[in-house]
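Q: Numbering (my numbering), first residue to last: 1 to 232. Positions of the beta carbon are idealized from the N, C-alpha and C atoms, including for glycine. Structure incoming, see below.
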């Protein structure tokens, strides 16, 4: 069942710094006219942690990974071998009115279906047997430990192991969901299968110069600064 009437898909093949990856997501949130899905990689081993996280909890990793505080909530996520994505829903799109949890579950259902189509035994986690903090998707589940050690409701599991989790942020501009898919082998066409489960109208796009210039500014003023990293 389609979630969106249309979806713009960005396969960002250029590995980028942790700060720049976060900044591009925010720039896309500012400028997207229709729901937009971006897949991306990292140019160094990295660690992202949620907006409400404490820098002191991740500081021991400073020497081995690029650290970045996300604008979304959630816990600690290790990046490098994972496939990371962001999903932006502009505030004027009808799907923005859906609850954060229903959007979270619908996106993860798309991931589950894409994994099943690739031959994996994937399922969505239910409340029974997994962590359910009872808080919003934007801030639930923060932990000083590795986020993928603790599945929460509607995360994607393969053979009982968490392989996909995410966190959200809502603003006046729209909704941003940032997610990671890891600990599972993905086919080359996984991203296209994932997108196809969310809409019948996919359009491939390239990141434009204006968006990248704006992201570069955001990275320099926000995600790449010590003030942002150490703010909590």
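With DSSP as the reference, identify every bridge partner of residue 174, one or two as the case may be.
A: The partner list for residue 174 (beta bridge, DSSP) reads 90.
Q: In angstroms with no decimal places, state the Cα-to-Cα distance between residue 209 and residue 216.
A: Approximately 10 Å between the Cα atoms of the pair.
Q: Once the 5 residues before and after residue 16 are set aside, which same chain residues still bring their CB inside 8 Å of it?
A: Here the set comprises 24, 40, 41, 42, 43.
Q: Determine the closest residue to residue 21 out of 117, 207, 188, with distance taken between C-alpha atoms.
A: Taking only the C-alpha atoms, the option nearest residue 21 is 207.
Q: Please identify the residue among 26, 30, 229, 34 whose C-alpha is closest to the C-alpha of residue 5.
A: Answer by Cα proximity: 34.
Q: According to DSSP, simplified to helix, strand and coil, what is residue 245?
A: Residue 245 lies beyond the range of the chain shown here (1 to 232); nothing can be said about it.
Q: Spell out whether any CB of chain B is found under 8 Å from the CB atom of residue 110.
A: This model lacks chain B altogether, as it is built from one protein chain only.
Q: What does a CB cutoff of less than 7 Å around residue 178 pick up in its chain, not counting 5 residues either side in sequence?
A: Result list for residue 178: 25, 70, 72, 86, 166, 167, in chain order.
Q: Where do the N-terminal and C-terminal ends of the beta strand (DSSP E) with residue 46 fall, by residue?
A: Unbroken beta strand (DSSP E) run through residue 46: 46 to 49.
Q: Does residue 60 pass the burial test, meaning 16 or more other C-beta atoms within 10 Å, or should it be called exposed?
A: Its Cβ having fewer than 16 others within 10 Å, residue 60 is exposed.
Q: With distances taken between CB atoms, is the gap from residue 47 to residue 7 smaller than 8 Å?
A: In this structure, residue 7 does not lie closer than 8 Å to residue 47 by Cβ.
Q: Tell me whether residue 197 sits in a helix, a strand or coil according to DSSP, three-state version.
A: DSSP places residue 197 in coil when its eight states are reduced to three.
Q: Under 8 Å: do the region 97 to 110 and the region 194 to 201 share three or more Cβ pairs, one atom per stretch?
A: Flag = yes, the region 97 to 110 and the region 194 to 201 touch.
Q: For residue 12, which of 102, 227, 28 has the nearest alpha-carbon?
A: When only C-alpha atoms are compared, the closest one is 28.
Q: Nearest-angstrom Cα distance between residue 223 and residue 120?
A: Going from the Cα of residue 223 to the Cα of residue 120 covers about 36 Å.
Q: When the Cα atoms are used, what is the spatial distance from residue 53 to residue 228?
A: Each residue's Cα considered, the two are about 12 Å apart.
Q: Answer with buried or exposed for residue 134, where buried requires no fewer than 16 other C-beta atoms within 10 angstroms of its C-beta.
A: Note that residue 134 has pLDDT 38, beneath the 50 cutoff, so the model's placement of it is unreliable and no number is given.
Q: Consult DSSP for residue 181 and reduce its assignment to one of helix, strand or coil.
A: Of the three classes helix, strand and coil, the one that applies to residue 181 here is strand, per DSSP.
Q: Relative to the C-alpha of residue 96, which residue among 112, 171, 205, 230 is closest?
A: Looking at the Cα atoms, 171 is the closest of the given residues.
Q: Look at the alpha carbon of residue 158 and the alpha carbon of residue 183, and state the distance between them as a whole number of angstroms.
A: Each residue's alpha carbon lies about 9 Å from the other.
Q: Work out the CA separation of residue 78 and residue 225 for me, nearest whole Å.
A: Roughly 20 Å separates the two Cα atoms.
Q: Please report the distance separating the alpha-carbon of residue 32 from that of residue 89.
A: Cα to Cα, residue 32 sits roughly 8 Å from residue 89.
Q: Taking its Cβ as the centre, do 16 or more other Cβ atoms sit within 10 Å of residue 122, making it buried, or is it exposed?
A: Burial call: buried.
Q: Return helix, strand or coil for residue 153, following the three-state DSSP convention.
A: Looking at residue 153 - three-state DSSP - the assignment turns out to be coil, as it is neither helix nor strand.
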